[in-house]
Amino acid sequence: MKKIIFPKSLKKGDKIAIISPAGAVDASQLEKGIKMIKNKGFVPVLGEHLYTKFSNGYNYAGTEKERIKDINWALNDKDISAVWASRGGYGCQHLIQHLKLDKFKQNPKWYIGYSDNTVIQSYLLKKGFASIHGQTIKTSSFGVTDESYDLIFDILKGKTSEYHLQTNPFNQKGNVKGELVGGNLALIYALLGTKYSFDFKDKILFIEDIGENFYALDRMIMSLELAGVFTKISGLIVGGMTNMGDEKENKQYENSFDEFAYQLISERLSKYQFPVVFGFPNGHIKDNRPLIIGSKVSLKIGKTVSISYNK
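Just so we're aligned: the sequence shown equals residues 1 to 311 in full-length UniProt numbering.
The following block contains the structure:
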């Protein structure tokens with residue numbers, strides 16, 4: 001089993017690169033996040049194409065070449081201590097065939113993001129590096145708690161938290177330890193069958209998603225089943241399932257933890273015996289608490305639920 005490398009902790013004055021690997025952003029959308037980085041004692045360094053816009057059926061943050069240039073700069077620059085994605089959206093799949101880690105391997109750094117950034121995090125884990133599945137710099141339209149960001153800064157400084165959750169009627173009880181993989185379900189699904197897909201054997205899988213019709217959610221879960229994912233993993237953590245179902249029937253962001261989505265997933269998993277926890281606060285939700293992809297975690301599900309990092 002490949003040993004996972006965890007980037008070194010940051011200290012005050014260290015530089016954090018901010019890049020846009022997928023969707024476009026406006027400067028006004030990042031003002032709060034950039035100010036926050038400064039207030040925490042770090043130095044934000046803006047990617048050359050952070051605010052670039054390029055439309056080709058989708059509003060990208062620059063052409064593929066421009067986005068590839070920025071991410072390779074951020075990953076490999078020796079003066080950069082962490083890389084924080086401005087947002088998700090769509091476009092990270094364009095980059096992974098062109099990522100270079102020559103200097104990154106000599107100076108590993110945290111990569112922070114979620115949603116479409118799951119693709120980058122799967123790539124990094126394939127190469128043996130942990131990353132942070134957490135809130136991007138752009139604050140979502142439904143808001144983000146201060147704690148969501150504070151917990152990311154804790155990880156950057158070398159501190160991890162133990163999470164205690166409320167029980168959920170869909171939970172499947174049990175205790176398990178394993179390496180954490182996953183992220184956005186649509187991207188996990190999109191990578192199936194490619195060399196960039198997560199290795200699921202004996203892993204604890206995390207999934208979250210937003211804006212998918214229930215039939216599409218079912219199709220993705222079925223694809224994971226047909227690919228043998230559920231016979232390989234040792235546990236499952238289900239996060240936010242936001243704005244799921246028919247958009248005409250659901251109000252925007254009305255329910256961060258869609259009960260029917262949970263029911264659908266639970267029914268598909270009923271034949272399997274591994275522990276499952278529903279309702280973890282990570283995803284396209286206001287309370288978006290970070291998870292370390294590639295970390296060893298202990299998952300305990302009973303009358304109480306806890307998720308802790310193994311020392």
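Note that CB positions come from ideal geometry on N, CA and C, so glycine has one too.
Pairwise C-alpha distance: residue j and residue i
i	j	result
L224	Y189	7 Å
Y51	P275	43 Å
T145	S306	21 Å
V297	S308	5 Å
K303	N288	24 Å
N213	G245	4 Å
F260	G294	30 Å
Y253	R87	Because the pLDDT of Y253 is 42, which lies under 50, any placement of that residue in the model is unreliable, and the number read from its coordinates should be weighed accordingly. Computed Cα separation, rounded: 18 Å.
S9	K35	21 Å
G158	N171	31 Å
S197	E147	30 Å
D199	K126	8 Å
G62	T167	44 Å
L226	P281	28 Å
L299	D102	35 Å
Cβ neighbours of residue i in the same chain (closer than 6 Å, five flanking residues each side left out)
i	result
F104	L75, N76
F230	Y272
V45	K15, A17
Y262	F170, F278
K12	G41
K53	A24
Enclosing alpha helix (DSSP H) for residue i [first to last residue]
i	result
K65	64-76
A85	A85 -> not in any alpha helix (DSSP H); beta strand (DSSP E) instead, spanning 80-85.
F278	Run containing F278: none in the alpha helix (DSSP H); it sits in the beta strand (DSSP E), 276-278.
S148	146-156
L30	27-39
L187	185-191
S131	First-last for S131: 131-133, but that is the beta strand (DSSP E), not the alpha helix (DSSP H).
Where the beta strand (DSSP E) containing residue i begins and where it ends
i	result
V305	305-309
I207	204-210
I301	296-301
M241	235-242
Distance CB(residue i)-CB(residue j) smaller than 8 Å
i	j	result
I221	R268	yes
N72	K100	yes
G240	G283	yes
L291	H133	yes
G128	I4	yes
I204	S234	yes
I19	A85	yes
R67	P108	no
Close Cβ partners of residue i (< 8 Å) along its chain, the five nearest in sequence each way excluded
i	result
K138	V25, Q29, L30, G33, S86, R87
Own chain, CB closer than 7 Å to residue i, minus 5 neighbours either side, in chain order
i	result
D79	K15
>> Three Cβ pairs or more, each shorter than 8 Å: is that satisfied between the stretch 164-181 and the stretch 29-37?
In response: no
>> Does the contact criterion of 3 or more C-beta pairs under 8 Å hold for the stretch 34-42 versus the stretch 89-98?
In response: no
> With contact counted as at least three CB pairs below 8 Å, one residue from each stretch, are the stretch 114-131 and the stretch 181-197 in contact?
Replying inline: yes
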